[in-house]
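Novice: Submitted below is the structure of interest, expressed as structure tokens.
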């Protein structure tokens, strides 16, 4: 019986010059904004995959909610 050799993988095609990057290769951006107001802190996180997705701000009611969300971004599996 002959040993089975793995099929070599072909390199991914390179994008055309000036073409937009595919969605999975666009950089992810996360910006934290903390505002101190008379009613307390306002916590916002802006996340998006520019220029593919629109960038939106998310507001969190307290630091625990913000930290829980940040942990989901960093838990095993890497950034979303």
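In UniProt numbering, the protein residues as written are 1 to 80. C-beta: ideal position from N, C-alpha, C; glycine also. Note that the structure is predicted; figures quoted are calculated from it, not measured.
Looking at the unbroken beta strand (DSSP E) that takes in residue 31, where does it start and where does it end?
Specialist: First-last of the beta strand (DSSP E) with residue 31: 28-37.
Novice: Mind reading off the beta-carbon distance from residue 43 to residue 74? Whole number of angstroms is fine, and I expect it under 8 Å.
Specialist: That belief does not hold up - the Cβ atoms of residue 43 and residue 74 are roughly 17 Å apart, past 8 Å.
Novice: Please report how far the alpha carbon of residue 70 lies from the alpha carbon of residue 61, in whole angstroms.
Specialist: Roughly 14 Å separates the two Cα atoms.
Novice: Over what stretch of residues does the beta strand (DSSP E) that includes residue 59 continue unbroken?
Specialist: Counting along the chain, the beta strand (DSSP E) containing residue 59 begins and ends at 56-60.
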